[in-house]
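*Asks:* For any residue, its number in the working numbering is found by taking its place in the sequence shown, counting from 1, and adding 789. Mind looking over this structure? Questions follow.
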Amino acid sequence: MSRIGKLPIDIPAGVDVTINGQSVTVKGPKGELSLTVAEPIVAQVDDGQIVVSRPDEERESRSLHGLTRTLINNNIIGVTTGYTKGLEVVGTGYRVLQKGSNIEFALGFSHPVVVEPPAGITLTVEGNNKITVSGIDKQAVGETAANIRKIRRPEPYKGKGVRYAGEVIRRKAGKAGK
């Protein structure tokens, strides 16, 4: 049995969970998220808890059991507290500016790079080198942060570029001098 999948999910106060067939909708103080549960998996609400179960021991059912429980739990956490991911811009002359809801990067290119946040995602800038990506959908927050990091990945010699907050860059030794 899946150790994660068999754990019930507590529904906190202020969160409304609606299960209609394979569709799970979670409404909370920060917004609303919906999820389509994969076919063999069944989700039910039992006295303040969501129980995710599987009908058989097939390989596909076993692999989807824990995943489905985690996705539903992520939606509940998202509509109550939300998710944030921090990014840092490191390098001489590299900076970031807030332009309304968009952010503008100066990353050593011949042009500034403007990033527009997708729907449901908020980008905020602290100082001139820290960015916070926040929203209610964990997957969208992580993907947006990864796309921003992809603009200028940290390079291994000086560590310049856009990195996650707290990310450790493995450094390489440069050319050996005489």
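C-beta: ideal position from N, C-alpha, C; glycine also. Model, not experiment: these values are computed from the prediction.
In angstroms, rounded to a whole number, what distance separates the CA positions of Val957 and Phe898?
*Replies:* Their backbone Cα atoms lie some 24 angstroms apart in a straight line.
*Asks:* In its own chain, which residues sit with a C-beta less than 8 angstroms from the C-beta of Glu847, not counting the 5 before and 5 after it?
*Replies:* Cβ within range, chain order: Pro829.
*Asks:* Would you mind stating whether Gly950 and Gly880 have Cβ atoms separated by less than 8 angstroms?
*Replies:* Yes, they are a contact pair.
*Asks:* Quick check on the burial criterion: 16 or more other C-beta atoms within 10 angstroms. Buried or exposed for Asn917?
*Replies:* With fewer than 16 Cβ atoms within 10 Å of its Cβ, Asn917 is classed as exposed.
*Asks:* When the Cα of Ile798 is compared with those of Val815, Gly948, Gln811, which residue comes out closest?
*Replies:* For Ile798, the nearest C-alpha among the options comes from Val815.
*Asks:* Identify which residue in Lys939, Gly871, Leu853 has its Cα closest to the Cα of Val902.
*Replies:* The shortest Cα separation from Val902 among Lys939, Gly871, Leu853 belongs to Lys939.
*Asks:* Tell me which residue opens and which closes the alpha helix (DSSP H) that Asn863 is part of.
*Replies:* Run containing Asn863: 848-869, per the alpha helix (DSSP H) assignment.
*Asks:* Check whether the Cβ atoms of Arg959 and Leu896 lie closer than 8 angstroms to each other.
*Replies:* No, the Cβ-Cβ distance between Arg959 and Leu896 is not below 8 angstroms.
*Asks:* According to DSSP, is Gln811 helix, strand or coil?
*Replies:* Coil at Gln811, not helix or strand.
*Asks:* Please confirm whether Gly867 and Lys927 have their CB atoms less than 8 angstroms apart.
*Replies:* Cβ atoms of Gly867 and Lys927: closer than 8 angstroms.
*Asks:* Going by the beta-carbon positions, is the gap between Tyr872 and Gly924 smaller than 8 angstroms?
*Replies:* Closer than 8 angstroms, so yes.
*Asks:* Quick one: using the 10 Å Cβ neighbour count with 16 as the cut-off for buried, is Pro943 buried or exposed?
*Replies:* Looking at its Cβ environment, which holds 16 or more other Cβ atoms inside 10 Å, Pro943 is buried.
*Asks:* Since Leu876 contacts Ile937 with CB under 8 angstroms, what's their CB separation in whole angstroms?
*Replies:* Indeed they touch by this definition, with Cβ atoms about 6 angstroms apart.
*Asks:* Could you tell me which residues DSSP pairs with Gln928 in its beta bridges?
*Replies:* Looking at the DSSP assignment, Gln928 forms no beta bridge with any residue, so it has no partner.
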